[in-house]
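Numbered per our numbering, the sequence shown spans residues 16 to 86.
Glycine included, C-beta positions come from ideal geometry on N, C-alpha and C.
From a predicted model like this one, the values you see are computed outputs, not experimental measurements.
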Amino acid sequence: MLWFALCLLAIACLQWAKRLHLLDEIYALALYSTGSLAALWGLAIAPSEAQIGLGILTLGGLQLRAIHLNR
């Protein structure tokens, strides 16, 4: 379950970093780094079923985004 908490932490850090202004660039960079490391660590310790499931969801989301952008 720790892997899930780390993935949620990564998502929260990335969303928070997106909301920072350009003047706070160093804080955004630090949050992007923290989120990326948390995501990598969380995925590394996740069970294989969760890794496959997240991979499938990611590929599906990318395909939906590509369809939406082509309109």
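Member of the options whose CA lies at the smallest distance from the CA of residue i
| i | options | result |
| --- | --- | --- |
| A53 | M16, C28 and A81 | C28 |
| L24 | D39, E40 and S48 | S48 |
C-alpha gap between residue i and residue j, whole angstroms
| i | j | result |
| --- | --- | --- |
| I67 | T73 | 10 Å |
| I60 | H83 | 33 Å |
| G70 | N85 | 23 Å |
| A65 | G57 | 11 Å |
| A81 | I26 | 22 Å |
| A43 | L21 | 18 Å |
| P62 | G75 | 20 Å |
Residue i classed as buried or exposed, judged by whether at least 16 other C-beta atoms fall within 10 angstroms
| i | result |
| --- | --- |
| L46 | buried |
Helix, strand or coil at residue i [DSSP, three-state]
| i | result |
| --- | --- |
| R86 | coil |
| I26 | helix |
| L35 | coil |
| A43 | helix |
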